[in-house]
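K.L.:
In this text, residue positions in the sequence shown follow our numbering: the first is 4, and each later residue adds one.
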Amino acid sequence: MEFKPLFLLIEDNLIDQIVTQQLLKKVFNADEIIIANNGKEGIQWLNENQRNQPIIILLDIQMPIMNGYEFLEEFHKLSEEIKKKIQIYVLSSTLDSAEINYIKENQYVIDLFSKPFPVEEFKNRFFTLF
Numbered sequence: 004m005e006f007k008p009l010f011l012l013i014e015d016n017l018i019d020q021i022v023t024q025q026l027l028k029k030v031f032n033a034d035e036i037i038i039a040n041n042g043k044e045g046i047q048w049l050n051e052n053q054r055n056q057p058i059i060i061l062l063d064i065q066m067p068i069m070n071g072y073e074f075l076e077e078f079h080k081l082s083e084e085i086k087k088k089i090q091i092y093v094l095s096s097t098l099d100s101a102e103i104n105y106i107k108e109n110q111y112v113i114d115l116f117s118k119p120f121p122v123e124e125f126k127n128r129f130f131t132l133f
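1. Can you tell me whether residue 120 is helix, strand or coil according to DSSP?
2. By alpha-carbon positions, which one of 96, 127, 99, 89 ends up nearest to residue 110?
3. What's the C-alpha gap between residue 52 and residue 99?
4. Between the C-alpha atoms of residue 80 and residue 29, what's the straight-line distance to the nearest angstrom?
5. Measure from the alpha carbon of residue 95 to the alpha carbon of each residue in 13, 11, 115, then state which is nearest.
6. Do the region 7 to 19 and the region 58 to 68 touch if we need at least three Cβ pairs shorter than 8 Å?
7. Can you tell me whether DSSP reads residue 26 as helix, strand or coil?
8. State the Cα-Cα distance for the pair residue 124 and residue 57, rounded to the nearest angstrom.
9. Return the first residue and the last residue of the alpha helix (DSSP H) that residue 49 is part of.
10. The beta strand (DSSP E) spanning residue 95 covers which residue range?
11. Exposed or buried, what is residue 18 when buried is set at 16 or more other beta-carbons lying within 10 Å of its beta-carbon?
12. Going by other Cβ atoms of all chains shown within 10 Å of its Cβ, with 16 needed for buried, is residue 141 buried or exposed?
13. Excluding five sequence neighbours on each side, which residues of the same chain lie with their C-beta closer than 7 Å to the C-beta of residue 103?
14. Following the continuous beta strand (DSSP E) through residue 60, name the residue where it begins and the one where it ends.
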């Protein structure tokens, strides 16, 4: 059976949304890619859509309304039942070492990737986890 994860892309940039969606469809043959334009929409979607399947979150850091750091703080407050099925990968163009360390030390973040999204590198790292 082919592994088909559900992707939740939390990203405010329309071009990054389109490019990342196309890459996920091509590389993972992804059927379902949910787009949230900021962390608040991402948290709302998680609260309103209880799924039994694994969810992979691709999280941008710099966004209006609720940024990636604030999303991670709100994610921490979700029930363990929701959190246990989710893997979070951060996409960022930051070069700030304090930001990078914060992201890498966060207990919910599996990995950090630079933008533009390196989908082949992600795929290679992702499949070594299973």
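Note that beta-carbon positions come from the ideal geometry of N, C-alpha and C, so glycine has one too.
P.N.:
To lay it out plainly:
1. coil
2. 89
3. 34 Å
4. 34 Å
5. 115
6. yes
7. helix
8. 20 Å
9. 42 to 51
10. 89 to 95
11. exposed
12. With the chain covering 4 to 133 only, the question about residue 141 has no answer from this structure.
13. 97, 115
14. 58 to 63
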